[in-house]
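Just so we're aligned, residue 19 is where the sequence shown starts under the numbering used here, counting upward by one.
What follows is a short report on a single structure.
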Amino acid sequence: MATLSFIGLGVMGAPIARHLAAAGHRLTVYNRTAAKAEAWVAAHGGRSAPTPAAAAEGADAVFACVGNDDDLADVTLGPDGAFAAMMPGALFVDHTTVSADIARCLADEGASRRLLVVDAPVSGGQAGAENGKLSIMCGGTDEAMAAAAPLMAAYALRIVHVGGAGAGQQTKMVNQIAIAGVLAGLSEALRFAQASDLDVDKVFEAVSGGAAQSWQMVNRWPTMARDEFDFGFAIDWMRKDLGLALDEARANGALLPVAALVDQFYAEVQKMGGGRQDTSALIRRLPK
Numbered sequence: 019m020a021t022l023s024f025i026g027l028g029v030m031g032a033p034i035a036r037h038l039a040a041a042g043h044r045l046t047v048y049n050r051t052a053a054k055a056e057a058w059v060a061a062h063g064g065r066s067a068p069t070p071a072a073a074a075e076g077a078d079a080v081f082a083c084v085g086n087d088d089d090l091a092d093v094t095l096g097p098d099g100a101f102a103a104m105m106p107g108a109l110f111v112d113h114t115t116v117s118a119d120i121a122r123c124l125a126d127e128g129a130s131r132r133l134l135v136v137d138a139p140v141s142g143g144q145a146g147a148e149n150g151k152l153s154i155m156c157g158g159t160d161e162a163m164a165a166a167a168p169l170m171a172a173y174a175l176r177i178v179h180v181g182g183a184g185a186g187q188q189t190k191m192v193n194q195i196a197i198a199g200v201l202a203g204l205s206e207a208l209r210f211a212q213a214s215d216l217d218v219d220k221v222f223e224a225v226s227g228g229a230a231q232s233w234q235m236v237n238r239w240p241t242m243a244r245d246e247f248d249f250g251f252a253i254d255w256m257r258k259d260l261g262l263a264l265d266e267a268r269a270n271g272a273l274l275p276v277a278a279l280v281d282q283f284y285a286e287v288q289k290m291g292g293g294r295q296d297t298s299a300l301i302r303r304l305p306k
């Protein structure tokens, strides 16, 4: 059993924290909306804290899953941030999808305080978090990973140490770039099948076992065909993630023409009111 802190109890953070509590760890939680933290404690035990610093005090490890770079900077380095309260040798694991720059900044700041820091964005969505089957891509030192991996095993199906600080966030960018291209192709393929008056269920049966098969096809083709999008990973979040990737590409010289185009397509769906719908709602911009 470890003494842990968890900062951020949103759709991803709350179930991740639940798995850590179920594994027998002692948790103190913090959420910007205090009522969420109190409700989580009522359901799963532990205690809530009024600030990130109060939550982190005395913790062996602190986990975070917040919104963006500014949120992460605030809960770690702000006036009531966790870093100032953490003990030398403690571990900090960040599951937020943020820029590689802030991941490297936190690693450097952590090193100056003798903290172990891992940037560990996840893939698998809310369902993966609820079921404890996330894929986690990690950046940090070998020592930090050795401390983090046994704890993350409570809610992960796959944990990969990709490289040094920031490598986890860059790998998440790779993930989102790939998803954007796949969903664009899948949207066009489904609309083509519908325009051809084909039985889309039979088409799915025919193509989903061959070279065109993907996670997105298996899990989203049927719901896209039924115009069901009120679940999953929101377009607003995807645009945030693609923005991070495009910014990083400008810095490292990579060319992302497809990702940039799909980002514009997602902006169209946002204007249609689909910002909170699943990323598969990309198909809405294509007429039937």
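Heads up, the beta-carbon is just placed ideally off N, CA and C, and yes, glycines get one too.
Predicted model only: the values in this text are computed from it and were never measured.
Query	Result
Helix, strand or coil at CYS123 [DSSP, three-state]	helix
Distance, LEU152 Cα to GLY146 Cα	5 Å
Residues that DSSP places opposite ILE177 in a beta bridge	ILE154
VAL136, DSSP secondary structure in three states	strand
The beta strand (DSSP E) enclosing ALA79, as first and last residue numbers	79-82
contact_flag[the segment 264-272, the segment 210-228] where n(CB pairs < 8 Å) is 3 or more	no
Cβ separation of PHE247 and ASP296, assumed to be a contact under 8 Å, to the nearest whole Å	5 Å
ALA60 vs ALA20 beta-carbon contact at 8 Å	no
Range of the contiguous beta strand (DSSP E) that encloses PHE24	21-25
Residues near LYS306 in its chain [Cβ-Cβ closer than 8 Å; skip 5 each side]	ARG209, GLN212, ALA213
Classification of LYS220 by the beta-carbon crowding that lies within 10 angstroms, buried from 16 upward	exposed
Residues near ILE301 in its chain [Cβ-Cβ closer than 7 Å; skip 5 each side]	SER205, LEU208, ARG209, MET242
Sub-8 Å separation of THR115 and LYS190 beta-carbons	yes
N- and C-terminal bounds of the beta strand (DSSP E) containing VAL192	No beta strand (DSSP E) holds VAL192; the alpha helix (DSSP H) holding it covers 185-213.
Near the ligand PLP: SER205 beta-carbon under 7 Å from a heavy atom	Judged by which ligands are present, the structure shown has none, so any question about the ligand PLP falls away.
Terminal residues of the beta strand (DSSP E) in which LEU95 lies	Unbroken run through LEU95 is the alpha helix (DSSP H), 87-95; no beta strand (DSSP E).
Delimiting residues of the alpha helix (DSSP H) encompassing VAL287	275-289
Extent of the continuous beta strand (DSSP E) to which THR46 belongs	44-48
Element boundaries [beta strand (DSSP E), containing VAL111]	109-112
Range covered by the alpha helix (DSSP H) that runs through ILE253	253-270
Where SER66 sits in the DSSP three-state scheme	strand
Three-pair Cβ contact test at 8 Å for the segment 109-128 versus the segment 83-91	yes
C-alpha distance - SER298 paired with VAL280, whole-angstrom precision	12 Å
Residue burial classification, ALA121 (beta-carbon count within 10 angstroms, cutoff 16)	buried
ALA166 beta carbon less than 8 Å from that of LEU109	yes
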